[in-house]
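Counting from 1, one number per residue, gives the positions in the sequence shown under full-length UniProt numbering.
The C-beta atom is built at its ideal place from N, Cα and C for all residues, glycine as well.
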Amino acid sequence: MAPASVASSSSSVIPQRNHIAESEAGPSTKTPSLRSRSSARSAASSPISPKGKEREEPSDQADSEEESSSEDEEDDVTESESGEESVEANGAGHGDDAINGDEGHGEDEDEESEDESGDASDEVSDEEDSDEESDEEEEEPALKYSKLKGRIPEILAKDTASTISVSPRFIALGTHNGMVHVLSYEGVKVNSFRPHAAGVTCLRMDESNDFVATSSVEGRVVIHSLTTPESYAFDYKRPMRAIALEPDYAKKKSRAFVCGGMAGNLILQEKGWMGYKEQVLHSGEGPIWAIEWRGNLIAWANDLGVKIYDTSTGQRIGFIDRGLSAPRAELFKCTLQWKDDRTLIIGWADFIKIVRVRSRPSAPGSGNLHPLTVELTAVYQVDCMISGIAPFGGSYVVLAYIAPDRYENEATDDRMEQRRKAANRPELRIIEKGEEINADALSLGNYHMYGCNDYTLVKSQKSGDEAFLVVSPQDVIEVRPRDEADHVEWLVEKERYEEALEAAEELRKKHGGVLDVTGIGLKYMQHLVDEEHYDQAAALAHKVLGQDVSAWEKWIDTFVQHQQLPVIIPHIPTKNPRLSKPVYETVFSHLLLNDKPALVKTITSWPTDIYNLPTLIESIQNELDATNDDPTILSALGELYLINRLPAKALPYFLRLRKPYVFELIREHNLFGAVQDQAIQLVTFEEERKEAKKREEQEKADKGEAEKVEEQKDDGEAVPGEKSKHGAAIKLLVDHVHSIPIDRVVHQLRVEPNFLYMYLDALLDKDPQFCLPYSDRMVELYAAYDVERLMPFLRGSNFYDLEKAYKVCKERDYVSEMVFLLGRMGNNKQALMLLIERLGDVQGAIEFAKEQADEDLWEDLLKYSETRPLFIRALLEHVGSEINPIRLISRIRDGLEIPGLKPALVKILQASNLQVSLLEGCQRVLNGDCAGLMGKLQKAQVGSLKAASTSTCVVCSKAAFDPLQPELALIYLCRHLVHATCVLPEDVELPRRQENPSVTYLLQGNDKSGGVSSQAWKTRALGSTLGYAAAVRVRVKQCPICEKQG
């Protein structure tokens, strides 16, 4: 069979595959195999030292030394075995027969290496690299340790522990003084008794927590009940090493147990009618070192190995050989542990063996063989001696004893070298699938004095409790798997606070307040401050400190002491929680002296009710006086007033700072009254902004960034009124003349005529009435700054002094304005002369003469033109209806040569002919229209409308003539018949119609007489009717129906 391969990790155990032979003929021949030493393990601290550190040696016992080399170790422990293991199988009433077994394939085995010899050197180098990496980065332990409290320290202070056993409820502790102490898992003492006069070697409790079985070196075995007087004692005269109770001991009448010791007999005691009956199951192979009973199977260990006995058939079914190179059996204890009803774990010396009890497959010729067989599924060799082993999920927990190194020269006469070297710390290791995944060195009292057999490892039988107990003569250690809370504590211990805080928060989400998350956060913050990572500590403050006001104030003081207050200022809470006012004022004081820009930012971001406003204003004002109007402090003071709803006090500071939002601030807070005396500052500020903007645009335009300039014009910060003619400041003053009196503004702007011009010009556009008192001043300003607006103002206003205006225009030689003013003053001749002589403007002179409508002015104009041919021509070309062309032509002297006279005369004649044609055409149109309208009128007047009793009113659609209720009916020339009451307004009263009954009678009646008199009566009646109709016509005017229809 190929030798076992060396594991790749230096800290791993060495798995081996073994060929199984079911024979008691003795151990088979074995070949040595390679074995690796584990890496340096951690030295625990109260009670466990972290993995990866060197073991500590007591200074009073021996000097600290490194681990022994693999060569020295081979002198203390046996080498690994790669040969076949022997397994015993006995048939009932048959001799020992050697038969070939199948090769065992264990569930925990690693595959063999086919080319081990070629890869050995590479694997060794990999192991060395792995050792270095494990030293550099410490791994988190998988288990946590605590000393069992209660009465145990008191007990072990007077005596030393020798063995231990557990039940679902109790722990039984045996001592070297023969005492047995029964305690709860919390260390509370339940019972104590002394069954032996010498040390207790083995101790067992039944599943019902009632019976305690003990064995002792004095040769006695005692079974004691904790709840009843029942007790049994057996004296075998030789030291007893092991005892085991049958399953459900308290429930069975047989009260069976099995024991063994130095006599080499495995004895089964079973209670019958006549008392206990003794049966020797096996003998003759040396002392019995360990016994375990599970179900129907009893496993025990003697000098040759481990055997398994089936109580149901009374047969031994298997034997697991120790090996030829194994150390003496009494040097290193054997640990047997049933993992389940069919799986046995053996830990002996430096080997771990996993044995599986299987049903024997049916085969011809196997009728006399036991139905069960054993199979060695896995063998692991470790670099230590095993003091105890227990299953841990899919892995194993091993209590490892590291044998002390020997001196090279053991035959020396030196007494110091002859002394026994101090023992190393025991270790608790976790082995999973052949690999060691965790190793912790235990700090136990006086560990340097004890050997492998002084330690015990048992697994808790308490329901739902995944715990182990490690026993030394002076300590009982409780071992548990580390949970999430332990992980957090380990991270905190290793100062990995960020990971610890995240893990603690996740744990709190799952289980509530299991851990003190705040405490972890505080440690993290302190660690960051100690490492001078102030930014990270400040960012963590809100999460850690939460609503704790005192904690916030304490940590702010900490940052102040480290001169790092600016770091935490952005994180200081202002609402939930709210700190005391002195804290905030301290922040302001610090910023005022050290970081003025941050002061402005803090003032604008913090609420106003968390600090004392007068105190802060006074401090900032004093600093402002000391710094000669520092812009940043000005801004801070302005923002402080503004935030505290004092915009009127903030406005002067913003004006001094030239803030662009000043105008918006004035409008928003209605501060027009506050700027009554600051008009010139507003306008100056606006003009400075314009100039700065122009310079900036010019600079960019010079650099070829014209397009960007245009974009910035559109995207720039807009000021309300900025796009008005004279800017936002002038617009503000003009729009609020009731709040900002005009007189006060004019008085302030008089020192800056340009500003005054802009103000009065904008005021004139808004309402000319506002400018009446300043008309003379406006003439001067327009003449100086906007001559194009001067003439419209002179023409539109009548409230300026003509002489002063003329003087101003004369000083600046504005001829057109002088002509207009002379005309307004009545000096038309002088004005005409200015037009003619200074401007040579014939058309202007003609227009001036037309405007004045003065005959003398025309005469002066004609006289002036008599000697000037060009002027005569111009008059001929522009002469109109105001002057008769004959009058002008008659003044032309004979022989006077006038250039262009003929075209001018032709033009005059053509204009005259055109005028005559137009007059004739208009006459014809007028005559035609008159004839048409007269025909329409005549037709309407002579036309008639047929009316009957069925005729209706166009408005109300009722009968026009109702005999019962006669109403006045109106008939228009447009033939619309309506009731007078339907169309006439309510305030129009119709004239009353006078009727004489006698006249009516005569008119109605009797026309028999005929003659002239009757005709005369009819004429009078008709005249009365026509007169009444005329009076009505005056009141009703035109037809309302036609008027509505358009």
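Which residues share a DSSP beta bridge with Gly388?
-> Leu399
Roughly how many whole angstroms lie between the Cα atoms of Ala636 and Gln681?
-> If I take the Cα positions, the gap works out to 21 Å.
Inspect the CB distances between the region 184 to 203 and the region 502 to 515 and report whether three or more fall short of 8 Å.
-> no
According to the Cβ coordinates, are Asp548 and Thr518 closer than 9 Å?
-> yes
Identify every residue that forms a DSSP beta bridge with Ser472.
-> Ser472 pairs with Asp475.
Asn302 burial status per 10 Å Cβ neighbour count (16 or more: buried) | Classification for Asn302: buried.
Do Val398 and Leu324 have their C-beta atoms within less than 9 Å of each other?
-> no
Spatial neighbours of Pro566 in its chain, beta-carbon cut-off 7 Å, leaving aside the 5 residues before and after | Here the set comprises Asp595, Ala598.
Residue range of the unbroken alpha helix (DSSP H) whose run includes Asn446 | From DSSP, Asn446 is part of no alpha helix (DSSP H); its letter is neither H nor E.
Provide the residue span of the alpha helix (DSSP H) that contains Asp240, from first to last.
-> In the sequence as displayed, the identity of residue 240 is Met instead of Asp. Annotation: Met240 is outside any alpha helix (DSSP H); the continuous beta strand (DSSP E) that includes it extends over 240 to 245.
Helix, strand or coil for Val382, going by three-state DSSP, please let me know.
-> coil
Counting pairs of Cβ atoms below 8 Å between the region 216 to 229 and the region 276 to 283, do you hit three or more?
-> no
Alpha carbon to alpha carbon, how far is Arg924 from Leu977? Give it in angstroms, no decimals.
-> 37 Å
Excluding five sequence neighbours on each side, which residues of the same chain lie with their C-beta closer than 6 Å to the C-beta of Ala729?
-> Leu682, Val683, Glu686
Whole-angstrom distance between Ile610 and Ile666, CA atom to CA atom | 27 Å
Residue from Leu297, Asn296, Thr952, Phe319 whose Cα sits closest to the Cα of Lys307 = Phe319
Indicate the three-state DSSP secondary structure (helix, strand or coil) for Glu489 in the structure shown.
-> helix
With a 10 Å radius around its C-beta and 16 neighbouring C-beta atoms as the bar for buried, classify Gly932 as buried or exposed.
-> With a 10 Å radius around the Cβ and a threshold of 16 neighbouring Cβ atoms, Gly932 comes out exposed.
Look at the alpha carbon of Ala485 and the alpha carbon of Leu372, and state the distance between them as a whole number of angstroms.
-> 46 Å
Name the residue from Asp765, Phe468, Asn296, Arg496 whose alpha carbon lies nearest to the alpha carbon of Ala256.
-> Asn296
Inter-stretch contact (C-beta, 8 Å, three-pair minimum) for the region 204 to 214 and the region 165 to 183 | yes
Okay, do the region 567 to 577 and the region 532 to 549 touch, 3+ Cβ pairs below 8 Å being the bar?
-> Touching, per the Cβ criterion.
Does DSSP put Asp625 in a helix, in a strand, or in coil?
-> helix
Just confirm the distance between the C-beta atoms of Gly187 and Leu148, as a whole number of angstroms; I'd bet it's less than 8 Å.
-> 5 Å
Under 9 Å between C-beta atoms, does Ile298 make it to chain C?
-> Absent from the structure: chain C. Only one protein chain is present.
Glu531 versus Ala500: straight-line alpha-carbon distance, rounded = Whole-angstrom Cα-Cα distance: 17 Å.
Pro361 versus Thr343 - alpha carbon distance = 18 Å
Which of the three DSSP states, helix, strand or coil, is assigned to Leu193?
-> First, the residue type needs correcting, since residue 193 is Phe and not Leu in the sequence shown. Strand at Phe193.
Evaluate the contact criterion for the region 801 to 815 versus the region 771 to 786: three or more CB pairs, one atom per stretch, below 8 Å.
-> Three or more beta-carbon pairs drawn from the region 801 to 815 and the region 771 to 786 are found closer than 8 Å, and the two stretches are therefore classed as touching.
Are Leu821 and Leu794 touching if we call contact CB-CB under 9 Å?
-> yes
Pro647: which of Asn670, Lys421, Lys659, Val488 sits nearest, CA to CA?
-> Asn670
Would you mind reading off the limits of the beta strand (DSSP E) that contains residue 1050?
-> Beyond the ends of the chain as shown, which are 1 and 1046, falls residue 1050; an answer cannot be given.
Which value, in whole angstroms, describes the spacing of the CA atoms of Leu616 and Thr608?
-> Those two C-alpha atoms are separated by around 11 Å.
Under a Cβ-count criterion, where at least 16 other Cβ atoms within 10 Å of its own Cβ denotes burial, should Gly118 be classed as buried or exposed?
-> Residue confidence is low: Gly118 scores 41 on pLDDT, short of 50, so the model does not pin down where it sits. Its coordinate-derived value is still stated next. Gly118 is exposed by the Cβ-count criterion.
Candidates Ile288, Ala142, Pro652, of which the one nearest Asn438 by Cα = Answer by Cα proximity: Ala142.
Taking Cβ positions, are Gly347 and Gly388 nearer each other than 9 Å?
-> yes
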